[in-house]
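> Quick one: the structure is below, and I'll ask about it shortly.
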Amino acid sequence: MIPFLESSYANPSSVHAFGQAVRHRIECARQQVAELIGATPKEIIFTSGGTESINLAIRGTLALHPQRRHVVTSAVEHSAVMRLSEQLQTEGYEVDYVGVDDEGRLDEDEWTSRITERTALVSLIHANNETGVLLDVARLCSIASERGVPVHIDAVQSAGKLDIDVTQWGAQLVSLSAHKFHGPKGVGALYVRRRSGLVPQIRGGQQERSLRGGTEHVAGIVGMGVAAEIAATERSTFTARIRALRDELEAGLTERIPIATVNGRGSPRIHNTSNISFAGLSGEAILLLLSEAGVCASSGAACSSGSVEPSHVLDAMGLDAKRVHSAVRFSLSRFTTRDEIQFVVNKMPVLLSKLTTLSV
Ligand code: PLP
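Listed below in structure tokens is the structure:
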């Protein structure tokens, strides 16, 4: 990324050679991101991140079918989909939020019954950002496709971590974000399947096939491309190791701490996420103690950390208030070490004993 901040600063829309050299790097990045998810480069639109991709996908599709005023999504979406859906409701759209069971599995009968010919779009999260629970998006997409309803998948948490082939999913739109696979923050992409239309939401220049006006964030896009290539080529070498560490963390904590429960454990989950409740304790207090001990974890979604709002995802799973308020999310990566996992497993009982002493 550094050359594109320091010396290769030409505008990729300029016709001169300096600009065209930069344009070439953007097109390389488009190829790298396309390969990560089994798309073709023309199907990739660069954006400022997952949130913008999601907004473009949903609003851009709704604008194509102004007569259809119905959207189907789930009750466990990221706030980017949740807040947008709430906004759509204030604009007269009807939005159905399909529920999940206590393991985070989507109610497929409800999903099937909600999608009708007046549905403009369905939007579904692939790997849940709080619990890591994976939805069977290929099957759920096919239910919508059979009814001619376009599908958007929020693959922000799974792209770069799992083997994704968007052609097998059959989705029209898939949102990605670079920083979830070690790319830079503030850059993302939207996959737009060939021949599925989309109405631009940021109008301006003709960048990104006129679907997203504005001069490109070149360094970010280049960084996303390289991160995508590294993820695609190296993922298989570290996925099993991350899963083993995640399992070791969960086994260690649940063995040593009787009140610890892993949320969504009974469902297929992405390998790097672990959501654990310590019923009766405060998730926020646990996070502070962990932070003092040098451990960075989150309560619920990172985007809503800092607020004491209980997690809508755990709430939708029907978990009781004690479990919801005491949940801590651990995220692992290819850089997580066994020593770090052992440190958390050994430290946690000591930290929690401080909280139970305080609450006596
Ligand atoms: N969707 C999911 C599942 C996420 O986890 C996130 C970010 O955490 C987003 C969307 C939003 O992505 P961004 O932060 O790149 O806007």
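Numbering (our numbering), first residue to last: 1 to 360. Glycine included, C-beta positions come from ideal geometry on N, C-alpha and C.
Quick one: any contact between the stretch 164-173 and the stretch 191-198, if contact means 3 or more CB pairs under 8 Å?
Because the criterion of three Cβ pairs below 8 Å is met, the stretch 164-173 and the stretch 191-198 touch.
> Tell me which same chain residues have a C-beta within less than 8 Å of the C-beta of GLU35, skipping the five on either side of it?
Result list for GLU35: ALA228, GLU229 and ALA232, in chain order.
> Between GLY214 and PRO349, what straight-line distance do the alpha-carbon atoms span, to the nearest angstrom?
Looking at the two C-alpha atoms, the distance is approximately 51 Å.
> Quick test of the definition: if touching needs 3 or more C-beta pairs under 8 Å, does the stretch 72-79 touch the stretch 93-107?
Because the criterion of three Cβ pairs below 8 Å is met, the stretch 72-79 and the stretch 93-107 touch.
> In chain order, what are the residue ranges of uninterrupted beta strand (DSSP E) at least 3 long that sit wholly in the stretch 28-74?
Runs found: 44-47 and 70-74.
> In chain order, what residues of the same chain lie with their CB nearer than 7 Å to the CB of ALA39, ignoring the 5 residues before and after it?
These residues qualify, in order along the chain: VAL166 and TYR191.
> According to DSSP, simplified to helix, strand and coil, what is PHE330?
In this structure, PHE330 counts as strand in the three-state DSSP scheme.
> Is CYS303 helix, strand or coil by DSSP?
Because CYS303 carries a pLDDT of 47, less than 50, the predicted location of this residue cannot be relied on, and no value is offered for it.
> Whole angstroms is fine: what's the gap from PRO200's alpha carbon to ALA29's?
Answer to the nearest angstrom: the Cα atoms are 22 Å apart.
> The beta strand (DSSP E) that contains ILE153, what's its start and end?
Where ILE153 is concerned, the enclosing beta strand (DSSP E) stretches over 151-154.
> Hey, would you say the C-beta of GLY220 is under 7 Å away from at least one heavy atom of the ligand PLP?
For the ligand PLP, not one heavy atom lies less than 7 Å from the Cβ of GLY220.
> Is the separation between the beta-carbon of THR254 and that of SER331 shorter than 8 Å?
Not closer than 8 Å, so no.
> Classify ASN346: buried if its beta carbon has 16 or more other beta carbons within 10 angstroms, exposed otherwise.
ASN346 is exposed by the Cβ-count criterion.
> With hydrogens ignored, establish whether the beta-carbon of SER74 is closer than 7 Å to any heavy atom of the ligand PLP.
False, no ligand heavy atom lies under 7 Å from that Cβ.
> What does DSSP give as the partner residues of LEU121 in its beta bridges?
Answer is VAL71.
> For the ligand PLP, is there a heavy atom less than 7 Å away from the beta-carbon of GLY160?
No, Cβ of GLY160 sits at least 7 Å from all heavy atoms of the ligand PLP.
> Let me know the alpha helix (DSSP H) ranges lying completely inside the stretch 261-316, each 4 residues or longer, listed in chain order.
You should have 283-292 and 312-316.
> Considering only residues of the same chain and omitting the five flanking positions on each side of ASN55, which have a CB-CB separation below 8 Å?
Excluding sequence neighbours, ASN55 sits near ALA80, LEU84 and GLN201.
> What is the DSSP secondary structure of VAL199, reduced to helix, strand or coil?
In the structure shown, VAL199 sits in coil (DSSP, three-state: anything other than H, G, I, E or B).
> Whole-angstrom Cβ separation of HIS152 and ALA57, contact assumed at under 8 Å?
At roughly 4 Å, the Cβ-Cβ gap stays under 8 Å, so HIS152 and ALA57 are in contact.
> On the three-state DSSP scale, how would you describe LEU135?
Three-state result, LEU135: coil.
> Is the Cβ-Cβ distance between ARG114 and VAL72 less than 8 Å?
Result yes, Cβ atoms of ARG114 and VAL72 sit closer than 8 Å.
> Considering only heavy atoms of the ligand PLP, does any lie closer than 7 Å to the CB of ASN129?
Yes; taking the cut-off as 7 Å, the Cβ of ASN129 has a heavy atom of the ligand PLP nearer than that.
> So for GLY99, helix, strand or coil by DSSP?
Three-state result, GLY99: coil.
> Following a CB-centred definition, is SER177 positioned closer than 7 Å to any heavy atom of the ligand PLP?
Under cutoff, so the answer is yes.
> Run through the stretch 169-197 for me and flag every whole beta strand (DSSP E) of 3 or more residues, listed as ranges in chain order.
Entirely contained in the stretch 169-197, the beta strand (DSSP E) runs reaching 3 residues are, in chain order, 173-177 and 188-192.
> Is the beta carbon of GLY188 sitting closer than 8 Å to the one on GLY92?
For GLY188 and GLY92, no; Cβs fall outside 8 Å.
> Select from ASP107, THR116, ARG105 and GLU108 the residue whose C-alpha is nearest the C-alpha of GLU94.
The shortest Cα separation from GLU94 among ASP107, THR116, ARG105 and GLU108 belongs to THR116.
> Suppose contacts are defined by Cβ-Cβ distances below 8 Å. Is ILE221 in contact with PHE343 by that definition?
Contact flag unset, no.
> Under a three-way DSSP split, which group does ALA240 fall into?
DSSP places ALA240 in helix when its eight states are reduced to three.
> Kindly list the residues whose CB is nearer than 6 Å to the CB of ILE242, restricted to its own chain and excluding five residues on each side of it in sequence; keep chain order.
So the qualifying residues of the chain are HIS271, ASN272 and LEU332.
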